[in-house]
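Let me begin by presenting the structure, written as structure tokens, before commenting on it.
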Amino acid sequence: MDNGDTAPPPPAKTKRRKKMPYLSHDLVSEILVRLPVEALLRFSCVCKAWRSTVSGDRSFHRAHLRLQELFLLVSPHTITHRSLAHTDKIGLYRWDDTQQGATLPLLYATDLSSDESIDAIMAHCDGLVLLPGKATVRVFNPATRRTLTLPHSPGADPPRKGPDVFLPRHQAFGLGHDPRSDKYKVARLYYQSLLRSSTTGGGYDYTIGMEVFTIGTCSLYWRETATRPPYPVSTGQTATFFKGSLLWTIDERILGNAAPGLLGFCLENEAFMVMSMPTPPCYPMKDYIISPVLAELREELWLAREAADMKTVLIWMCDDIENPQWDQRYTINVFNVRYPCFKPIAAFGDEIVLREQHRYTRRYNLVTKTSSDMFSIEDCRYHDPNTGVFGYQNRQFSYFDFIPYIPSLIPV
């Protein structure tokens, strides 16, 4: 300025606040639902909204479940060389049949130290695995590593039976989803008494009960069903879950007559029903009953049974439990197997995986109608969760469970 006055300072620049990028919760959920369970468990610590979605949003759990891919778990059950005591921990390994003798990665191990042995084969439903023991029943989620130990029930107590009655197991279990309540239920069918029938027709006089435990409720006890099971079932088996119902094979030895079909139990109304079976020429029914040959694959019920010539296995399929129309779709030649005992356990692309005699698997191509060579599960290498080293030391394999598994966030 001309008069020597100093110029006023320039106006201060106002700083614009940078806007943080924003993603709507719906968009975040669309991203999260495509991530594996392990990543979601880590990301649940980011904020309360994410934790609420991952941990408690049932619609998110089901959407996540639909996007997961199925794979097989193998669970070896062993006994010691000196006794019949089973392992303290049961390991679940990711199955791989690409080469004999492969090392299978350990996915999860659950403690069995409080139980003498398990009482039936494992069951799986939507990422939950049922482990039924003689005294203790557990449901666990291998992906989230959560385990629920169910309360004791008098149904686990041994039944009253005659001196000439052989019944090594007296329980049969099942795990499934009730679509009406959106809850998961465990069913236990058990014998209360078993005596030789005094009639000339054979069979047994029996008293049988059924109880249900609902997961995710405040209830801490098993509930008896309003009606008793109308037929005896083969103990030691685990039900096949199909279209909202649990299915067991009926024990003709105890019944004393031909079975009218499969015994079904609807989880929605907790009512019993009988589902008819196909009646092709087959091996005597008693041998068929012993083998757990039912499986649910791709929303269809598969039933495998040996033909009368003992050289082929017939696979029947149906997609309706209320009005079953069985279709004999595949015939597998097993002329090189002395006692064929096959069960479909999983489907991958054009192939299904068959379990054979509890220790072997083989693949069957649905397009070419050919089967692969037998794969020995016993020859694989396992990391023993009891000792922390490879190989089950001083133990021998008793049998193997094969579990078609889908990782999920379903809570227990």
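Under my numbering, the first residue of the sequence shown is numbered -1, with each subsequent residue one higher. Built from N, CA and C at the ideal position, the CB exists for glycine as well.
According to the DSSP assignment, E298 belongs to the beta strand (DSSP E) that extends over 298 to 304. Cα atoms of D371 and Y397: separation of roughly 20 Å, rounded to the nearest angstrom.
In the DSSP assignment, K181 falls within the beta strand (DSSP E) that extends over 181 to 194. DSSP, read as helix, strand or coil, puts P6 in coil. When C-alpha distances from R221 are compared across L244, S151, W246, Y229, the shortest belongs to S151. In the structure shown, the three-state DSSP call for W314 is strand. Taking a contact to require three or more Cβ pairs closer than 8 Å, the stretch 248 to 263 and the stretch 142 to 160 do not qualify as touching.
Here H23 is exposed. Its C-beta has fewer than 16 other C-beta atoms within 10 Å. Looking at the DSSP output, C216 shares a beta bridge with no other residue.
Bridge partners of V291 according to DSSP: none are assigned. Following the DSSP letters along the chain, one finds A37 inside the alpha helix (DSSP H) bounded by residues 35 to 41. The Cβ atoms of P409 and G214 lie closer than 8 Å to each other. By the neighbour-count definition (other C-beta atoms within 10 Å, threshold 16), D325 is an exposed residue. Nearest neighbour of I375 by Cα position, chosen from P230, S73, F388, L148, turns out to be S73. Per DSSP, V351 lies in no alpha helix (DSSP H); the unbroken beta strand (DSSP E) holding it starts and ends at 349 to 354. DSSP, read as helix, strand or coil, puts F164 in coil. The beta carbons of R357 and I77 sit about 14 Å from each other, so the pair does not count as a contact at 8 Å.
Spanning the alpha carbons of F340 and A257 requires a straight line of approximately 21 Å.
Only residues of its own chain outside the window of five on either side were considered, and among them C123, G174 have a CB closer than 6 Å to the CB of F239, listed in chain order.
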